[in-house]
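Protein chains in written order, with the working numbering: chain F, 992 to 1108; chain Y, 154 to 264.
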């Protein structure tokens, strides 16, 4: 089956530093990938849509200069949290869609737990 | 995107059948009902998707009445490992379609 990986799975950083999270579709290509953020006991919140070959589309309230997204290839999207602060601590999840004939399925990565001290 | 409404939480016991109902009164003609399962500190996992009537796979069944304003996810004979959050989404069948998650239903399976 289709697999989406994320790296790292867990990261702890100091306030003010930048952190890069990678999302890879391992056995299929994805021109579009999605980035979500999830706080404890809460649902997933869409942050942005990553588009291969063009700029990402950000949801309202998400700062594009703080959350840099680069869709470098058809199998890789990266999210960089710049100048991270403790309030950015969260669980970050990416997903990529794959067509399944008459329906489409979103495959999610395992998530990245970011802790900003 | 059609808004979905689910119970916040449900409790069950091992071996029981669990039915989780989702309301989607404003579902569009080209929307499919899709259910995801999420364990703590993991990404969501696709369970089942349907458009109308009944769909069954090795994990669950999905019942959708003719008016499509609601749907029911049925998990037969749950086990402790089925404890998770279950999300119902109504989305168009478009590969580029992002998913907007509602609150989900937190299912607790007890021994």
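Even for Gly, the Cβ is constructed at its ideal location relative to N, Cα and C.
So, with DSSP's three-state summary, where would you put residue i?
i	result
residue 233 of chain Y	helix
residue 160 of chain Y	coil
residue 1101 of chain F	coil
residue 1088 of chain F	strand
residue 211 of chain Y	coil
residue 1078 of chain F	helix
residue 1022 of chain F	coil
Name the one or two DSSP bridge partners that residue i has.
i	result
residue 199 of chain Y	Y:189
residue 998 of chain F	F:1013
residue 183 of chain Y	DSSP, once it has assigned bridges, lists no residue as partnering residue 183 of chain Y.
residue 225 of chain Y	Y:174, Y:216
Beta-carbon of residue i versus every beta-carbon of chain F: anything under 9 Å?
i	result
residue 160 of chain Y	no
residue 169 of chain Y	no
residue 239 of chain Y	no
residue 260 of chain Y	no
residue 253 of chain Y	yes
I'd like to know whether the C-beta of residue i is nearer than 9 Å to at least one C-beta of chain Y.
i	result
residue 1006 of chain F	no
residue 1104 of chain F	yes
residue 1020 of chain F	no
residue 997 of chain F	yes
residue 1058 of chain F	no
residue 1070 of chain F	no
residue 1030 of chain F	no
residue 1108 of chain F	no
residue 1034 of chain F	yes
Give the residues of chain Y in contact with residue i, contact being defined as C-beta atoms less than 7 Å apart.
i	result
residue 1101 of chain F	195, 196
residue 1096 of chain F	199
What number of angstroms, rounded off, separates the C-alpha of residue i from the C-alpha of residue j?
i	j	result
residue 160 of chain Y	residue 1072 of chain F	34 Å
residue 192 of chain Y	residue 227 of chain Y	18 Å
residue 993 of chain F	residue 1075 of chain F	32 Å
residue 209 of chain Y	residue 190 of chain Y	16 Å
residue 1043 of chain F	residue 1056 of chain F	18 Å
residue 1058 of chain F	residue 1050 of chain F	11 Å
residue 1098 of chain F	residue 264 of chain Y	31 Å
residue 1069 of chain F	residue 1063 of chain F	8 Å
residue 1004 of chain F	residue 224 of chain Y	43 Å
residue 1101 of chain F	residue 196 of chain Y	5 Å
residue 1000 of chain F	residue 220 of chain Y	42 Å
Residues of chain Y with CB closer than 8 Å to the CB of residue i, please, in chain order.
i	result
residue 1084 of chain F	196, 197
residue 1081 of chain F	Those within 8 Å of residue 1081 of chain F in chain Y number zero; the least Cβ separation is about 12 Å.
Name, please, each residue of chain Y whose Cβ falls closer than 9 Å to the Cβ of residue i.
i	result
residue 1037 of chain F	251, 252, 253, 254
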